[in-house]
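Numbering (this note's numbering), first residue to last: 51 to 306. Here a beta-carbon is modelled for each residue, glycine too, at the ideal position from N, C-alpha and C. Report on the following structure.
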Amino acid sequence: MTNTTLSKALIGIDIKQASLQYNDSNACTLSNINMHFPAGQWTAILGKSGCGKTSLLRYLAGLLDEQVTWQGSLTSSDNGSIRDRIAYMAQQDLLMPWLNIIDNVCFSLNFKAGKGNTDHQENALQLLDLVGLKDQALSFPHQLSGGMRQRVALARTLMQDQPIVLMDEPFSALDAVTRHRLQNLAAKVLVNKTVLLITHDPQEALRLSQQIYIMQGKPANAVALPVPSSSIPRTIDAELADLQQKILTTLEADYE
(Lines of atoms letter the chains of each structure in order from A and count residues from 1; the text may use other names and numbers.)
(Lines give C-alpha, C1' and ligand atoms only; values in the text may rest on other atoms or scores of the structure.)
Protein backbone atom coordinates (compact mmCIF):
# COMPACT_ATOMS: atom_id res chain seq x y z
CA MET A 1 0.00 0.00 0.00
CA THR A 2 1.44 3.39 -0.98
CA ASN A 3 1.69 6.38 1.31
CA THR A 4 -0.92 8.17 -0.81
CA THR A 5 -3.35 5.29 -0.39
CA LEU A 6 -2.68 5.21 3.34
CA SER A 7 -3.36 8.93 3.71
CA LYS A 8 -6.79 8.64 2.03
CA ALA A 9 -7.98 5.57 3.94
CA LEU A 10 -10.36 5.80 6.88
CA ILE A 11 -8.25 5.29 9.99
CA GLY A 12 -9.21 4.22 13.48
CA ILE A 13 -6.92 4.67 16.48
CA ASP A 14 -6.48 2.45 19.53
CA ILE A 15 -4.71 3.38 22.76
CA LYS A 16 -4.13 0.57 25.25
CA GLN A 17 -2.66 0.58 28.75
CA ALA A 18 -1.00 3.91 28.08
CA SER A 19 0.58 6.45 30.40
CA LEU A 20 2.11 9.86 29.75
CA GLN A 21 4.54 11.65 32.04
CA TYR A 22 6.32 14.96 31.50
CA ASN A 23 10.06 14.57 31.85
CA ASP A 24 10.25 17.39 34.41
CA SER A 25 7.52 15.88 36.60
CA ASN A 26 7.59 13.12 39.20
CA ALA A 27 3.99 12.08 38.48
CA CYS A 28 2.12 10.78 35.45
CA THR A 29 -0.37 13.09 33.77
CA LEU A 30 -2.23 10.14 32.22
CA SER A 31 -2.30 6.57 33.49
CA ASN A 32 -3.83 3.30 32.30
CA ILE A 33 -5.54 4.96 29.33
CA ASN A 34 -7.63 2.72 27.09
CA MET A 35 -9.44 4.48 24.25
CA HIS A 36 -10.83 3.59 20.83
CA PHE A 37 -11.39 6.21 18.14
CA PRO A 38 -13.41 4.55 15.33
CA ALA A 39 -12.50 5.30 11.73
CA GLY A 40 -14.51 8.08 10.13
CA GLN A 41 -16.28 9.11 13.34
CA TRP A 42 -16.13 11.89 15.93
CA THR A 43 -14.85 11.21 19.44
CA ALA A 44 -15.09 13.90 22.12
CA ILE A 45 -12.91 14.08 25.22
CA LEU A 46 -14.24 16.00 28.22
CA GLY A 47 -12.55 16.87 31.50
CA LYS A 48 -11.57 19.75 33.76
CA SER A 49 -8.73 22.08 32.83
CA GLY A 50 -5.35 20.50 33.47
CA CYS A 51 -6.55 16.89 33.41
CA GLY A 52 -4.39 15.99 30.40
CA LYS A 53 -6.81 16.27 27.45
CA THR A 54 -4.64 18.63 25.46
CA SER A 55 -1.48 16.74 26.44
CA LEU A 56 -2.95 13.62 24.85
CA LEU A 57 -3.91 15.50 21.70
CA ARG A 58 -0.52 17.17 21.41
CA TYR A 59 1.26 13.86 21.92
CA LEU A 60 -0.79 12.26 19.14
CA ALA A 61 0.18 15.18 16.90
CA GLY A 62 3.88 14.62 17.63
CA LEU A 63 4.29 17.92 19.48
CA LEU A 64 5.53 16.53 22.82
CA ASP A 65 8.07 13.88 21.87
CA GLU A 66 10.98 15.71 23.51
CA GLN A 67 9.01 16.63 26.63
CA VAL A 68 7.25 13.45 27.74
CA THR A 69 7.69 9.74 28.26
CA TRP A 70 4.94 7.57 26.77
CA GLN A 71 4.35 3.97 27.70
CA GLY A 72 1.70 1.74 26.18
CA SER A 73 0.24 0.90 22.81
CA LEU A 74 -0.76 3.44 20.15
CA THR A 75 -1.86 1.85 16.87
CA SER A 76 -3.88 2.66 13.78
CA SER A 77 -6.46 0.35 12.22
CA ASP A 78 -4.31 -0.11 9.10
CA ASN A 79 -1.03 -0.41 11.06
CA GLY A 80 0.34 2.64 9.28
CA SER A 81 1.91 5.71 10.85
CA ILE A 82 -0.48 8.08 12.61
CA ARG A 83 1.76 11.13 12.91
CA ASP A 84 2.06 11.96 9.21
CA ARG A 85 -1.69 11.70 8.63
CA ILE A 86 -2.93 14.27 11.13
CA ALA A 87 -4.34 17.78 10.76
CA TYR A 88 -4.49 19.91 13.91
CA MET A 89 -6.98 22.70 14.64
CA ALA A 90 -6.24 24.73 17.76
CA GLN A 91 -8.41 26.90 19.98
CA GLN A 92 -6.90 30.04 18.44
CA ASP A 93 -7.26 30.50 14.70
CA LEU A 94 -3.47 31.17 14.39
CA LEU A 95 -3.90 33.08 11.14
CA MET A 96 -0.89 34.99 9.86
CA PRO A 97 -1.90 38.69 9.98
CA TRP A 98 0.34 39.65 7.04
CA LEU A 99 -1.21 37.06 4.71
CA ASN A 100 -4.56 37.34 3.01
CA ILE A 101 -7.17 34.65 3.62
CA ILE A 102 -6.42 32.41 0.66
CA ASP A 103 -2.69 32.49 1.44
CA ASN A 104 -3.44 31.59 5.06
CA VAL A 105 -5.37 28.54 3.88
CA CYS A 106 -2.41 27.52 1.68
CA PHE A 107 0.24 28.38 4.28
CA SER A 108 1.14 24.91 5.58
CA LEU A 109 1.35 23.45 2.07
CA ASN A 110 3.81 26.04 0.86
CA PHE A 111 6.57 24.15 2.69
CA LYS A 112 5.80 20.83 1.03
CA ALA A 113 6.85 19.47 -2.33
CA GLY A 114 4.16 18.46 -4.78
CA LYS A 115 1.49 20.51 -6.46
CA GLY A 116 2.33 24.01 -7.56
CA ASN A 117 1.07 27.20 -5.98
CA THR A 118 -1.67 27.61 -8.60
CA ASP A 119 -3.13 24.21 -7.74
CA HIS A 120 -3.00 25.06 -4.04
CA GLN A 121 -4.84 28.32 -4.59
CA GLU A 122 -7.54 26.65 -6.69
CA ASN A 123 -8.09 24.04 -3.96
CA ALA A 124 -8.09 26.72 -1.27
CA LEU A 125 -10.69 28.75 -3.15
CA GLN A 126 -12.95 25.70 -3.36
CA LEU A 127 -12.61 25.15 0.38
CA LEU A 128 -13.32 28.80 1.14
CA ASP A 129 -16.45 28.46 -0.98
CA LEU A 130 -17.38 25.38 1.07
CA VAL A 131 -17.15 27.34 4.34
CA GLY A 132 -18.90 30.38 2.85
CA LEU A 133 -15.90 32.69 2.56
CA LYS A 134 -15.02 32.65 -1.12
CA ASP A 135 -15.75 36.38 -1.39
CA GLN A 136 -13.27 37.07 1.43
CA ALA A 137 -10.33 35.28 -0.22
CA LEU A 138 -8.29 38.48 -0.61
CA SER A 139 -9.26 39.99 2.74
CA PHE A 140 -6.90 40.00 5.72
CA PRO A 141 -7.56 38.41 9.12
CA HIS A 142 -8.14 41.72 10.92
CA GLN A 143 -11.05 42.39 8.57
CA LEU A 144 -12.95 39.26 9.67
CA SER A 145 -15.07 38.43 12.70
CA GLY A 146 -14.04 35.72 15.14
CA GLY A 147 -16.46 33.24 13.60
CA MET A 148 -15.20 33.98 10.09
CA ARG A 149 -11.60 33.53 11.22
CA GLN A 150 -12.44 30.11 12.66
CA ARG A 151 -14.05 29.17 9.35
CA VAL A 152 -10.77 30.09 7.67
CA ALA A 153 -8.95 27.90 10.20
CA LEU A 154 -11.37 25.07 9.36
CA ALA A 155 -10.67 25.52 5.64
CA ARG A 156 -6.92 25.47 6.38
CA THR A 157 -7.40 22.22 8.30
CA LEU A 158 -9.29 20.71 5.36
CA MET A 159 -6.57 21.93 3.00
CA GLN A 160 -4.14 19.51 4.64
CA ASP A 161 -6.39 16.66 3.41
CA GLN A 162 -5.55 14.28 6.25
CA PRO A 163 -7.79 11.43 7.46
CA ILE A 164 -7.30 12.28 11.16
CA VAL A 165 -8.31 15.69 12.52
CA LEU A 166 -7.41 16.79 16.05
CA MET A 167 -9.49 19.71 17.35
CA ASP A 168 -8.55 21.43 20.61
CA GLU A 169 -11.59 23.47 21.71
CA PRO A 170 -11.84 25.18 18.32
CA PHE A 171 -15.18 26.91 18.99
CA SER A 172 -14.88 27.77 22.69
CA ALA A 173 -14.20 31.50 22.22
CA LEU A 174 -17.26 32.07 20.01
CA ASP A 175 -20.73 33.28 20.93
CA ALA A 176 -23.46 30.63 21.22
CA VAL A 177 -25.08 31.14 17.81
CA THR A 178 -21.77 31.27 15.92
CA ARG A 179 -20.57 28.20 17.81
CA HIS A 180 -23.76 26.31 16.91
CA ARG A 181 -23.38 27.20 13.23
CA LEU A 182 -19.73 26.20 13.13
CA GLN A 183 -20.52 22.90 14.82
CA ASN A 184 -23.02 22.20 12.04
CA LEU A 185 -20.50 23.21 9.39
CA ALA A 186 -17.72 21.10 10.89
CA ALA A 187 -19.98 18.03 11.02
CA LYS A 188 -20.72 18.54 7.33
CA VAL A 189 -17.23 19.19 5.98
CA LEU A 190 -15.39 16.67 8.18
CA VAL A 191 -17.55 13.72 7.18
CA ASN A 192 -15.48 10.50 6.83
CA LYS A 193 -12.66 12.00 8.90
CA THR A 194 -11.59 10.49 12.20
CA VAL A 195 -12.07 13.50 14.48
CA LEU A 196 -10.83 13.85 18.06
CA LEU A 197 -12.50 16.83 19.72
CA ILE A 198 -11.31 18.31 23.01
CA THR A 199 -14.09 20.32 24.63
CA HIS A 200 -15.28 21.59 28.01
CA ASP A 201 -18.87 21.72 26.73
CA PRO A 202 -21.01 18.58 27.26
CA GLN A 203 -23.61 19.91 24.85
CA GLU A 204 -21.02 20.31 22.10
CA ALA A 205 -19.76 16.79 22.74
CA LEU A 206 -23.29 15.38 22.54
CA ARG A 207 -24.16 17.28 19.36
CA LEU A 208 -21.07 16.24 17.44
CA SER A 209 -19.71 12.95 18.71
CA GLN A 210 -20.36 9.26 18.24
CA GLN A 211 -18.08 8.50 21.22
CA ILE A 212 -17.48 10.48 24.40
CA TYR A 213 -14.77 9.96 27.00
CA ILE A 214 -14.45 11.73 30.32
CA MET A 215 -10.93 12.11 31.69
CA GLN A 216 -10.81 12.28 35.48
CA GLY A 217 -8.48 11.79 38.39
CA LYS A 218 -4.79 12.44 39.05
CA PRO A 219 -3.27 10.88 37.11
CA ALA A 220 -6.20 10.94 34.71
CA ASN A 221 -7.82 7.91 33.18
CA ALA A 222 -10.58 7.76 30.57
CA VAL A 223 -14.14 6.50 30.96
CA ALA A 224 -16.42 5.95 27.95
CA LEU A 225 -19.98 7.28 28.15
CA PRO A 226 -23.10 6.10 26.30
CA VAL A 227 -24.02 8.25 23.31
CA PRO A 228 -27.22 8.26 21.21
CA SER A 229 -27.00 6.43 17.89
CA SER A 230 -28.62 9.28 15.94
CA SER A 231 -26.67 11.08 13.22
CA ILE A 232 -24.67 14.25 13.88
CA PRO A 233 -25.03 17.16 14.35
CA ARG A 234 -27.78 16.31 16.82
CA THR A 235 -30.59 18.59 17.92
CA ILE A 236 -30.72 19.15 21.65
CA ASP A 237 -33.86 17.34 22.74
CA ALA A 238 -35.04 15.93 26.08
CA GLU A 239 -32.78 12.88 25.79
CA LEU A 240 -29.66 14.95 25.11
CA ALA A 241 -30.56 17.45 27.82
CA ASP A 242 -30.79 14.57 30.30
CA LEU A 243 -27.44 13.18 29.15
CA GLN A 244 -25.91 16.64 29.39
CA GLN A 245 -26.98 16.90 33.02
CA LYS A 246 -25.57 13.46 33.79
CA ILE A 247 -22.23 14.45 32.24
CA LEU A 248 -22.15 17.67 34.27
CA THR A 249 -22.84 15.69 37.43
CA THR A 250 -19.98 13.32 36.59
CA LEU A 251 -17.61 16.20 35.84
CA GLU A 252 -18.48 17.93 39.11
CA ALA A 253 -16.83 15.10 41.02
CA ASP A 254 -13.44 16.50 39.99
CA TYR A 255 -14.28 19.89 41.51
CA GLU A 256 -15.10 18.63 45.00
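Item	Value
Starting from the C-beta of leucine 107, find all residues in its chain whose C-beta is less than 6 Å away, skip the five residues before and the five after it, and write them out in chain order.	Leu216, Asp218, Ile248
Per DSSP, which one or two residues make a beta bridge with tyrosine 72?	Val118
Does the beta-carbon of valine 273, which I'm using as the reference point, lie nearer than 7 Å to any heavy atom of the ligand FAD?	Looking at this structure, you won't find the ligand FAD or any other ligand, since it has none at all.
With respect to the alpha helix (DSSP H) encompassing aspartate 153, which residues constitute its N-terminal and C-terminal limits?	151–156
With burial defined as no fewer than 16 other Cβ atoms inside 10 Å of the residue's Cβ, what is the status of lysine 238: buried or exposed?	exposed
Distance, Cα to Cα, proline 220 vs asparagine 76?	31 Å
By the three-class DSSP mapping on this structure, what secondary structure does glutamine 266 have?	strand
Pick out whichever of Gln261, Met198, Gly100, Leu183 has its Cα sitting closest to the Cα of threonine 228.	Met198
Take glutamine 91 as the anchor and find which of Pro283, Asn84, Gln176 has the nearest alpha-carbon.	Pro283
For chain C, check one thing: does any of its Cβ atoms lie closer than 8 Å to the Cβ of aspartate 153?	This model lacks chain C altogether, as it is built from one protein chain only.
DSSP three-state call for alanine 274: helix, strand or coil?	strand
Under 8 Å Cβ to Cβ from glycine 102, same chain only, skipping five residues before and after it: list those, please.	Leu70, Thr79, Leu80, Met265, Pro269, Ala270
Restricting to Cα atoms, I'd like to know which of Asn150, Leu240, Leu256, Leu175 is closest to leucine 275.	Leu256
Taking buried to mean at least 16 other C-beta atoms within 10 Å of its own C-beta, is glutamate 254 buried or exposed?	buried
Quick one: residues in its chain with C-beta nearer than 7 Å to the C-beta of serine 189, no 5 flanking neighbours on either side, listed in chain order?	Asn150, Ile151
So, do the stretch 170–185 and the stretch 153–160 have three or more beta carbon pairs nearer to each other than 8 Å?	yes
For arginine 133, which option in Ile95, Lys98, Ile61, Ala187 has the closest C-alpha, if you only look at C-alpha atoms?	Ile61
Specify the secondary structure class of valine 181 as computed by DSSP and reduced to three states.	coil
Measure from the alpha carbon of tryptophan 148 to the alpha carbon of each residue in Asn84, Pro191, Ala272, then state which is nearest.	Pro191
From what residue to what residue does the alpha helix (DSSP H) around serine 99 run?	Where serine 99 is concerned, there is no enclosing alpha helix (DSSP H), given that its DSSP letter is neither H nor E.
Between the C-alpha atoms of leucine 246 and alanine 137, what's the straight-line distance to the nearest angstrom?	11 Å
Which value, in whole angstroms, describes the spacing of the CA atoms of leucine 159 and valine 241?	22 Å
Reducing DSSP to helix, strand and coil, say where serine 81 ends up.	strand
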